[in-house]
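S.K.:
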Amino acid sequence: MKKLINDPDNVISDALQGIAAAHPDRIKVDHENRIIYRTDGPREGKVGLVSGGGSGHEPLHGGFVGVGMLDAACAGEMFTSPVPDQMMAATKAVDGGVGVLHIVKNYTGDVLNFEMAAELAEAEAGTEVRSVVTDDDVAVQDSLFTAGRRGVGVTVLLEKIVGAAAEDGATLDECFNLATRVNEQGATMGMALTSCTVPAAGKPTFELADDEMEIGIGIHGEPGRETKKLAPAKDIAAMLTEPVVSDLGLAEGDTVIAMMNGMGGTPLIELYVMYNEVAALLDAAGIKVERNLVGNYITSLEMAGCSLTLLKVDDEMLRHWDAPVNTPGLRWGV
Amino acid sequence: MKKLINDPDNVISDALQGIAAAHPDRIKVDHENRIIYRTDGPREGKVGLVSGGGSGHEPLHGGFVGVGMLDAACAGEMFTSPVPDQMMAATKAVDGGVGVLHIVKNYTGDVLNFEMAAELAEAEAGTEVRSVVTDDDVAVQDSLFTAGRRGVGVTVLLEKIVGAAAEDGATLDECFNLATRVNEQGATMGMALTSCTVPAAGKPTFELADDEMEIGIGIHGEPGRETKKLAPAKDIAAMLTEPVVSDLGLAEGDTVIAMMNGMGGTPLIELYVMYNEVAALLDAAGIKVERNLVGNYITSLEMAGCSLTLLKVDDEMLRHWDAPVNTPGLRWGV
Amino acid sequence: MAALSAFQAWMSDFAEVIGQNAEHLTDLDRAIGDGDHGSNMTRGTSKTAALAEAEEFDNSAAYLKKVGMTLVSNVGGASGPLFGTFFLRLGGALGDAEDIDAATFGKALHAGVGGVLARGKAEVGDKTMFDAWSPALEAYDAAVTDGGDLQAALQAAVDGAKQGRDATVDLVARKGRASYLGERSKGHQDPGATSTVLLLESALRTLA
Amino acid sequence: MAALSAFQAWMSDFAEVIGQNAEHLTDLDRAIGDGDHGSNMTRGTSKTAALAEAEEFDNSAAYLKKVGMTLVSNVGGASGPLFGTFFLRLGGALGDAEDIDAATFGKALHAGVGGVLARGKAEVGDKTMFDAWSPALEAYDAAVTDGGDLQAALQAAVDGAKQGRDATVDLVARKGRASYLGERSKGHQDPGATSTVLLLESALRTLA
Ligand SMILES: Nc1ncnc2c1ncn2[C@@H]1O[C@H](COP(=O)(O)OP(=O)(O)O)[C@@H](O)[C@H]1O
Ligand SMILES: Nc1ncnc2c1ncn2[C@@H]1O[C@H](COP(=O)(O)OP(=O)(O)O)[C@@H](O)[C@H]1O
Ligand SMILES: [Mg+2]
Ligand SMILES: [Mg+2]
Ligand SMILES: [Mg+2]
Ligand SMILES: [Mg+2]
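Chains as they are written, first to last, in the numbering used here: chain P, 15 to 348; chain A, 15 to 348; chain C, 5 to 212; chain D, 5 to 212.
#1: Taking the alpha-carbon of A104/A as reference, which of Y121/A, A139/A, T94/A and G70/A has the nearest alpha-carbon?
#2: Taking CB distances under 9 Å as the criterion, tell me whether F220/A reaches chain D.
#3: Would DSSP call P88/A helix, strand or coil?
#4: Residues of chain P with CB closer than 7 Å to the CB of Y289/A, please, in chain order.
#5: Using a Cβ-Cβ cut-off of 8 Å (strictly less than) and excluding sequence neighbours within five positions of L141/D, which residues of its own chain qualify?
#6: Any heavy atom of ligand 2 closer than 8 Å to the Cβ of S50/D?
#7: Could you give the distance in angstroms between the alpha-carbon of G39/D and the alpha-carbon of Q155/D?
#8: Does DSSP put Y51/A in a helix, a strand or coil?
#9: Note down, in chain order, every chain A residue with its Cβ under 8 Å from the Cβ of D44/P.
#10: Any chance the CB of A214/A is under 8 Å from a heavy atom of ligand 2?
#11: Span of the alpha helix (DSSP H) holding M277/P?
#12: According to DSSP, is N310/P part of a helix, a strand, or is it coil?
#13: If you compare alpha carbons, which of V148/D, G196/D and V201/D is closest to L32/D?
#14: Pull the bridge partners of V303/P from the DSSP assignment, please.
#15: Answer yes or no: the CB of D17/C versus the heavy atoms of ligand 3, is any distance below 8 Å?
#16: From E57/C, G191/C, L94/C and A147/C, pick the residue whose C-alpha is nearest to that of A171/C; which is it?
#17: Can you pull the DSSP bridge partners for E228/A?
#18: From E58/A to H116/A, what distance separates their C-alpha atoms?
#19: For S321/P, would you say it is in contact with chain A, using Cβ-to-Cβ distances shorter than 9 Å as the test?
#20: Can you tell me where the alpha helix (DSSP H) with D151/A in it begins and where it stops?
#21: Under a three-way DSSP split, which group does I41/P fall into?
#22: Going by DSSP, name the residue or residues bridged to V143/P.
#23: Assuming A54/D and S43/D are in contact, meaning their beta carbons sit under 8 Å apart, how far apart are those beta carbons, in whole angstroms?
#24: Ordered along the chain, which non-local residues of its own chain (more than five positions away) have a Cβ less than 8 Å from that of M5/D?
#25: With a Cβ-Cβ cutoff of 9 Å, do A247/P and L18/A count as a contact?
#26: If you compare alpha carbons, which of H234/A, P237/A and G82/A is closest to V176/A?
#27: Residues in the segment 70 to 84 of chain D with C-beta within 8 Å of chain A's C-beta atoms, listed in sequence order?
#28: Keeping to the same chain, check which residues put their C-beta closer than 6 Å to that of A10/P; ignore five residues upstream and five downstream.
#29: Reducing DSSP to helix, strand and coil, say where T211/A ends up.
#30: Measure from the C-beta of M5/D to each C-beta in chain A and report whether the shortest distance is under 9 Å.
#31: If you drop the 5 nearest sequence neighbours on each side, which residues of the same chain put their C-beta closer than 8 Å to that of G110/P?
#32: Using a C-beta to C-beta distance shorter than 9 Å, which residues of chain P count as neighbours of V308/A?
#33: Kindly list, in the order they appear in chain C, the residues whose Cβ is closer than 9 Å to that of Y311/P.
#34: Along the segment 231 to 244 of chain P, what residues have a CB closer than 7 Å to any CB found in chain C?
#35: Run through the segment 15 to 97 of chain D for me and flag every whole alpha helix (DSSP H) of 4 or more residues, listed as ranges in chain order.
#36: DSSP on D103/C, reduced to helix/strand/coil?
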């Protein structure tokens, strides 16, 4: 295992120290509880936005704390949900008196821990908490009898859009409804060329031959739904685009935000090659990409691979998308 | 070789298509000449800034084209200097009547090709061209009898700072002098955990054992000055920081811009671990980090590793640093 | 038997066993999950094992609730709230009972497993730890009905849990991370069911 | 000999040889450079080889200048301007000479190598292509002084270039990318010196 770390056990606390050192203008870190806060919160009358999850997905979530996005992000162990104590502390700290929205990616661990935190925060501090659970990964067959789809790329877009709404004075209900709508109108599909190595485990989570790739991966280094022979970017783009488009029922004339996301070890030049193929497919289908992101936004440590997220947008979402944001991981308009 | 590409021969043209598709609001691409231009140039009376170099370093240089930074970037083959035809075309296109500054990284290939281009542009179009050659890599011993140090990380900071000055109406001489000062006051040291694979070559440029790292690498997948046993982040940080600090003669009370740059395959969480160690070392030495960048800015395809750049700054440089910039790779204030 | 010290012995034994099996649990989780079950559990049990030395507890209920909260606060992932809730409910049901016998512990076990069910909402056959808990509880009850003592009942629970754990191998996961793999989750043993067996074996060694 | 067609044969032969040796050149460059010398050269020579078919040329000078510009415009890297300048100057020096003999070509060769020197500013011993060009030129001159014809002179140049190329192995690079490696550049043959030998061998096959 080759990593720029000191000790597998200290990666997260060391990184949080680094984040605190790098961005004191925008964020502050509660190192004991491993929570990243924006420096200027809480604001009376503003809905607080709390997210969090396992570490190893940087910039998600800590890199999205700041004006126009999250108020707090809880950092769990590598690929492991944070614990309720963290979410509770964050929830109380960002409460501006009008409630707090939890943005939770749909993994059993995250859901259960956020659930306990919400119960405890309401019981202990009377904070009104609502939770939106993102479940946009079309690689996973949804059914009443399963844990459902995973929360992946849409989480980034949701944090931006709902973050802008909250900044703008939306109520907790409005934030929740908008978040729900974003989650419903967004979908993601991912793939990997290589596995990643969790520092504490010391070896790759799965093995892939030199001519193989995994299709339908999540963001925790878990194997995907299918191992396939390596294919040209054009074919991979089709394998990602088609299920997303069909899941969302996108049709000619629809407008979307597209995110071509790198898994952490993919060079930007390859993400642009992939974006080009995806853009061509969408163009051919008459689907208009209104805005896009190309880069590493929700990653799996050093995994090589990418995911495509499409979000069907309306004017309200676009307005919130374009609103100023100032976080370490996403910034414009300010 | 595992890459998200169609054909090793088409990586660059495919990526340029993707860049054009992703950022039509800010840049336009001359696909024949492989030049990325900002959409709103040239501006009469504004010094034109042209850079370029081998591809595989994204976002450098194409990702730094836009308001407040470059006017044009020429994309060479992978890790290979562009050819004079490209620089000539770019130079003529961005000429606002008051001259063009070439920003050239010090590699024989880049220097020779930009040199031919400047000769031809002056002869053919009468465009006044000055060139600044960045040579900030302290891993390379400088001497009158060598090709000198490589141009690496400082190039990013220079493009931002001189880009702001040009936007602000600085003359060609002023731009050249500022650029020279930035180059003189900046230094970089890099290291790699893994080699990268040039698509056309199909195999890693160098081999490293599982417990080895390269210290003193450049950005072209070339082997470094020294192969060492893998070490903790803290020790690696010292190996990068000390030569940079001593090269610049930084002393207590000095202020710098610091860039902890990823080589393409390094996860952000590791860059923050590294930044933390570097920040601690600088802090202990009484050197104040006024601004910083942590992320992938000048890369070597999918190489895992990082480089540290320090730039000793004065108020003028800081003012230009803080000025608005709107490029695909760097954005703030707008 | 003095319940509090027995429960403390349980937790100390369990911490040791988890330490020894951490890599195995992580390997199981790597196959169909995210390769952290061993480290998740270790993070929790190293803390729960230390509780007895750091603090005085009035009774078993207080101790076990603290164990539960400690697991919740340190394990994270799916297993943290599940094992945590198990102990919270277990402690709640024991109240200030000083001695434990098959019947008292059985009642508490029902409460604890009920907690796992309420939190995780898994059914038998979903390929989760509940596949070990559920047959363990049934076997425990059957042993008690047959007049078995705590030793016999816990032995039955261990056997039931093992059968349940082994049965997870052939199942397609329908809950937890493994469910994302669909058919590919078949052929692998569930990590959480495996640690459940370890917990019950440890109870058999220390409580009976 | 009709110079123009000979030069065209030279370029077509050279393109073939570069194609065959591309991987070897790239391997050499991978050891002490950036692993692209083979593809750089191929990119250029595949274009220069096609020139003769696409266009009519008035004379050798026009053709060779076009070859130079084509290399400059397509090779990139260090070798593009260097080989490009070589041909630009070679052509410039030939003027509209219809026949080439040892003396004519020697004069042009001096101009070409002078171009490599003026562009690259390398000295003998810097471990660059100039380490092949310089002894080649000396040997060529010596052969002409000894009364040798074009064949003999080119044969001498090839031998000189080979010696120079082989000598690069033990040198520490002081120019080009390899210089970044310092002492580590020792023990490897310079890629550009290697392609220079190929170019002269090709000249011997086609011009004499
Ligand atoms: N809904 C559920 N009900 C019961 N047990 C579950 C449920 N979801 C997951 N589990 C258990 O949790 C185990 C995984 O725990 P762990 O690896 O520590 O957490 P995570 O899956 O969050 O990484 C699984 O092996 C399974 O036994
Ligand atoms: N200053 C110089 N003068 C002469 N030849 C040089 C000089 N610098 C480099 N070279 C030659 O260029 C060769 C490398 O060419 P190539 O790999 O195509 O370009 P790059 O180094 O830009 O990747 C070297 O092997 C060397 O022979
Ligand atoms: Mg986990
Ligand atoms: Mg090159
Ligand atoms: Mg797990
Ligand atoms: Mg080269």
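Here a beta-carbon is modelled for each residue, glycine too, at the ideal position from N, C-alpha and C.
M.R.: Per the coordinate set shown:
#1: A139/A
#2: yes
#3: This sequence places Cys at residue 88/A; Pro is not what is there. C88/A: strand per DSSP, three-state reduction.
#4: G32, A35 and A36
#5: L113, H114, V117, A161 and G164
#6: no
#7: 34 Å
#8: strand
#9: Within 8 Å Cβ-Cβ: nothing; D44/P doesn't reach chain A, min ~16 Å.
#10: no
#11: Element bounds for M277/P: n/a, residue is neither H nor E.
#12: coil
#13: G196/D
#14: V270/P
#15: no
#16: G191/C
#17: A206/A and T241/A
#18: 18 Å
#19: no
#20: Run containing D151/A: none; DSSP gives neither H nor E here.
#21: strand
#22: V114/P
#23: About 17 Å; that fails the 8 Å criterion.
#24: For M5/D, the pLDDT reaches just 49, beneath the cut-off of 50, and the residue's location in the model is therefore unreliable, although a value from the coordinates is still provided. If we look at M5/D and ignore the five residues flanking it on each side, its Cβ neighbours are D103, I104 and L211.
#25: yes
#26: G82/A
#27: V76, S77, N78, V79, G80, G81, A82, S83 and G84
#28: Outside the shown range of chain P (15 to 348) lies residue 10/P, about which nothing can therefore be said.
#29: strand
#30: For M5/D, the predicted model reports a pLDDT of 49, less than 50, meaning its position is unreliable and no value from the coordinates is stated.
#31: G55, P56, R57, E58, G59, K60, V61 and G62
#32: G32, I33, A36, H37 and P342
#33: The contacting residues do not exist; Y311/P stays about 20 Å from chain C at best.
#34: G232, H234, G235, E236, P237 and R239
#35: 41 to 58 and 64 to 78
#36: strand
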